[in-house]
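The opening position of the sequence shown corresponds to residue 184 in the numbering used here, with each subsequent residue numbered one higher.
Note that beta-carbon positions come from the ideal geometry of N, C-alpha and C, so glycine has one too.
Because the structure is a prediction, the values reported are computed rather than measured.
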Amino acid sequence: MATAGFIQAITRILKNGPLTASPGVYWTEDQVLHAADGTVIAHNLDELAQIVQALGLSDGARVEWSAVNHAELASRMLAKSRELGFIG
184 MATAGFIQAI TRILKNGPLT ASPGVYWTED QVLHAADGTV IAHNLDELAQ
234 IVQALGLSDG ARVEWSAVNH AELASRMLAK SRELGFIG
């Protein structure tokens, strides 16, 4: 189970990222994260928090903004989700 710190980090990354780039992802009401094309990245907040941790986007207490590249965020998260076995 991921910590609340990682869940808070991903919320900050998606809501407060650079204004010049879109993260290329969106949430549905059931807390599933999708890529812009509709592909599921994470089925719930716990999976998403594990993806954030594995990508080094947060240390669990703060966002590592130097590791966040919004131009590649969706594709990196999708690849990590596959690697972690969350999606096929």
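So what's V235 in DSSP terms, helix, strand or just coil?
Numbered from 1 along the sequence shown, position 52 holds the residue referred to as residue 235. Note: V235 maps to helix in three-state DSSP.
Based on DSSP bridge pairs, tell me the residues matched to A218.
The sequence position of residue 218 within the sequence shown is 35, counting from 1. Per DSSP, V208.
Report the CB separation of G258 from A225 in whole angstroms; it is logged as a contact under 8 angstroms.
The count along the sequence shown starts at 1 and reaches residue 258 at position 75. The count along the sequence shown starts at 1 and reaches residue 225 at position 42. Reading off the sequence, residue 258 comes out as Ser, not Gly. A Cβ-Cβ distance of about 14 angstroms is found for the pair S258 and A225, leaving them out of contact under the 8 angstroms criterion.
From the DSSP output, which residues share a beta bridge with V251?
As a working mapping, residue 251 is identified with position 68 in the sequence shown. Answer by DSSP bridge pairing: none, since V251 is not bridged.
Per DSSP, which one or two residues make a beta bridge with A192?
Taking the sequence shown and counting its residues from 1, one reaches residue 192 at position 9. According to DSSP, which records beta bridges pairwise, A192 is partnered with nothing at all.
Cβ neighbours of G207 in the same chain (closer than 6 angstroms, five flanking residues each side left out):
In the sequence shown, residue 207 corresponds to position 24, counting from 1. So the qualifying residues of the chain are A219 and A257.
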